[in-house]
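Numbered per my numbering, the sequence shown spans residues 818 to 1119. Quick reminder that beta carbons are idealized off the backbone N, C-alpha and C, glycines included. These numbers were taken from a predicted model, which means no experiment stands behind them.
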Amino acid sequence: MSNLRTFEDAGVELFGSDSPVSKPLSAAAILFIGVGVLALATAGWFGFNHYQTLRRPVVHVLNPLDIRTTVTIGTEKFELKPRTEESRVMEPGTYDITVVDGSGAPISKETAKEIPAFTDVVAYNVAGLGTLRDSTVTYRKDRKLKTDPDKSFPHVGETLIVKDDVDFVFMKPPMEISTRGTPPTKIQYFFGLPAQMESQMPWQWEGTIGALFYADQPEKALAMLIKVAALDGKNVRVGNVTRRVLQNCVSYIDFPFITKENCGSMSSIAALATKAGSLEPPFEAKVFDISSGSGEGSGSGK
């Protein structure tokens, strides 16, 4: 008789005959445990990836200009064609943000800008020259979409925009959603481009300037136009918009300067007029000084 004891014999001596080690696990039990361990590992993997997805924001970078720009956020480079938008997932953190044009000439630099985790909207708007909107979107029990223009708030002049609790981010809200089990109306929130809310206003620089004039903020509009003229003065579109603004706000030939309600201050008009000669197509616009009551000079197109 062999002196070698089996694993079962040792188990009986140590724990008694009722010990769980006295009987080997069946193949079905081993398979069940293996499936359970695999399920737990899979759930953990999906949970971790879902956590990472929520933690890392999608950063939207917009170039509202008619020139190429490169936006560098930390080590991430966004090389943008004119009038385009690009987005990618980034790690949250504190970053320096630099913007250069196609030739490498600097446009702007911002330091220590925070890109937070678990945030619905992170958007960078080059030079603050694009128009972005956040709006309420109301769904009624009849499932029809209702938007209220008075509750649409344009973001103009802002570069880094951070918002949370937004339902539709850079996407057109659907015409209907399920309202089962909800109050008679359900309010959702949108953030993105004006066209995604059925607006005809372009989000690029000229739409921003038009929106500011429309909102009775002429000083901001003129400051924006002066900034665009400095960045892209050889652009015919910039020259034509500048000409139209000056034609609306500065009388020509022998007429005195006529102030319209939304034309802004004399100093801002004059600052814009000084840019006119260097634009494409070049033109001359001399502004009257009405503060002293004198009117020498006139504006005339060339």
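Around the beta carbon of proline 923, a 10 Å sphere encloses fewer than 16 other beta carbons of the protein chains shown; the residue is thus reported as exposed. Looking at the DSSP output, glutamate 931 bridges to Thr911. Spanning the alpha carbons of valine 1055 and valine 938 requires a straight line of approximately 30 angstroms. Pairing valine 916 with threonine 886, the inter-Cα distance amounts to about 7 angstroms.
Its Cα nearest to that of valine 1058, the residue Phe1030 stands out among Phe1030, Asp951, Val986 and Asp982.
Under the 8 angstroms Cβ criterion, the stretch 1032-1040 does not count as touching the stretch 979-996, having fewer than three qualifying pairs. C-alpha of threonine 911 to C-alpha of proline 1001: approximately 42 angstroms in a straight line. In its chain, beyond the 5 residues on either side, Tyr912 and Ile914 have a beta carbon closer than 6 angstroms to the beta carbon of isoleucine 890. With 16 or more other CB atoms across the displayed protein chains lying within 10 angstroms of its CB, aspartate 951 is buried. Excluding residues up to 5 positions away in sequence, Leu949 and Ile978 lie with their Cβ nearer than 6 angstroms to the Cβ of histidine 972 in the same chain. One Cα belongs to tryptophan 1022, the other to glutamate 893, and the distance between them is close to 24 angstroms. DSSP lists no bridge partner for glycine 1056. In this structure, leucine 1089 sits near isoleucine 1043, with a CB-CB distance shorter than 8 angstroms.
If you draw a straight line from the Cα of cysteine 1066 to the Cα of proline 881, it comes to about 25 angstroms. Counting C-beta atoms within 10 angstroms of its own C-beta, glycine 919 has fewer than 16 neighbours from the protein chains shown and is therefore classed as exposed. Per DSSP, the beta bridge partners of threonine 889 are Lys894 and Thr915. The beta carbons of lysine 1051 and glutamine 1013 sit about 31 angstroms from each other, so the pair does not count as a contact at 8 angstroms. Note: tyrosine 941 is bridge-paired with Val878 and Leu977 in the DSSP secondary-structure output. In summary, lysine 958 is exposed, with fewer than 16 beta-carbon neighbours lying within 10 Å of its beta-carbon over all protein chains present. Assignment of threonine 1091 by DSSP, reduced to helix, strand and coil, places it in the helix class.
Of the candidates Glu1097, Pro933, Glu931 and Leu879, Leu879 places its Cα closest to the Cα of leucine 897.
Under the rule that a run must span 3 or more residues, the beta strand (DSSP E) segments found entirely inside the stretch 994-1039 read 1002-1009. Shown here for glutamate 927: same chain residues with a beta carbon closer than 6 angstroms to its own, the five before and five after excluded, namely Ile914 in chain order. The beta carbons of valine 875 and serine 904 sit about 5 angstroms from each other, so the pair counts as a contact at 8 angstroms.
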